[in-house]
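Notes for the one structure printed next.
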Amino acid sequence: MWKYKSAVEKIKSIEEEAYPLVEKRIKEFENLGKYGTELDLFSELSFCVLTANWSAQGGIKAQNYIGKLNFVRLSEEELAEKLKEVGHRYPLMRARFIVENRKLIGNLRDLFDLPEKEARRILVKEAKGIGWKEASHFLRNIGKLDVAILDKHILKFLFNEGIIKEIPKGWTEKKYENIEMEFKELSFLLNKVSGELDLYIWYLLKGRVDK
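Going by the numbering used here, the sequence shown opens with residue 0, and the numbers climb by one from there.
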């Protein structure tokens with residue numbers, strides 16, 4: 000309990016002001032999961048591919064610029080050109096991943112009905128450009144909130160607060176789940192689910208609630 004004390008106090012200090020922004024985002028995620036088409040879900044998966052080693056704001060910009068239909072119908076070369084236009088760091092590689100992931104269209108809705116860990120494992124195995132963090136990001140963004148998105152900002156926060164002893168240089172499923180357990184304990188102490196807590200920490204660190 001004591002190692003979480005500082006983090007709990009910091010998050011509680013911004014909880015009231017962040018609450019309406021967090022709730023708005025959570026409702027967006029839940030609506031996407033419940034009512035989104037396969038094209039909507041594929042657009043969100045592509046967003047998660049694009050944010051890897053880039054930024055959420057950059058991913059949002061690219062997602063809006065390209066549009067959900069173009070994630071499906073543009074050639075790899077055309078997609079890469081669009082990504083260059085928005086300043087993506089890895090336009091060729093990300094375009095290739097998105098085109099290869101088109102094989103998943105028609106099956107993304109099925110992930111919504113699976114337990115989070117099983118759905119995440121499938122995504123990591125089957126989707127190009129999707130690791131444990133990116134799979135968690137996608138699942139959270141379609142309303143499956145019992146996952147932790149362990150990006151560099153969250154990891155640095157956990158490390159600085161003394162909740163974890165080191166920041167991993169790479170992931171295995173076991174490593175990810177071990178730190179995720181710490182994150183879930185912090186979530187429990189704040190009476191939140193992991194997918195919510197991530198947004199509160201982002202507000203604490205950045206003053207905004209990205210998706």
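Just so you know, even glycine gets a beta-carbon here, dropped at the ideal spot from N, CA and C.
These numbers come from a predicted model, not from an experiment.
Less than 7 Å between the beta carbons of residue i and residue j, yes or no?
i	j	result
residue 131	residue 64	no
residue 100	residue 126	yes
residue 135	residue 146	yes
residue 51	residue 115	no
residue 166	residue 158	yes
residue 21	residue 188	no
residue 186	residue 198	no
residue 2	residue 162	yes
Cα separation between residue i and residue j?
i	j	result
residue 24	residue 141	11 Å
residue 9	residue 31	30 Å
residue 46	residue 70	10 Å
residue 219	residue 48	An answer regarding residue 219 cannot be provided, because it is not within the stretch 0 to 210 covered by the chain.
residue 4	residue 200	15 Å
residue 179	residue 77	38 Å
residue 202	residue 192	16 Å
residue 34	residue 194	19 Å
residue 0	residue 74	52 Å
Any beta carbon of chain C sitting closer than 7 Å to that of residue i?
i	result
residue 6	Among the chains of the structure shown, chain C does not appear; only one protein chain is present.
Among the residues of its own chain, which have a CB less than 7 Å from the CB of residue i, if the five just before and after it don't count?
i	result
residue 82	61, 90, 93, 94
residue 148	132, 135, 136, 139, 197
Provide the residue span of the alpha helix (DSSP H) that contains residue i, from first to last.
i	result
residue 85	Where residue 85 is concerned, there is no enclosing alpha helix (DSSP H), given that its DSSP letter is neither H nor E.
residue 13	4-34
residue 58	55-65
With a CB to CB cut of under 8 Å and the five nearest residues on each side skipped, what residues in its chain are close to residue i?
i	result
residue 41	67, 70, 71, 100, 101, 103, 104, 107
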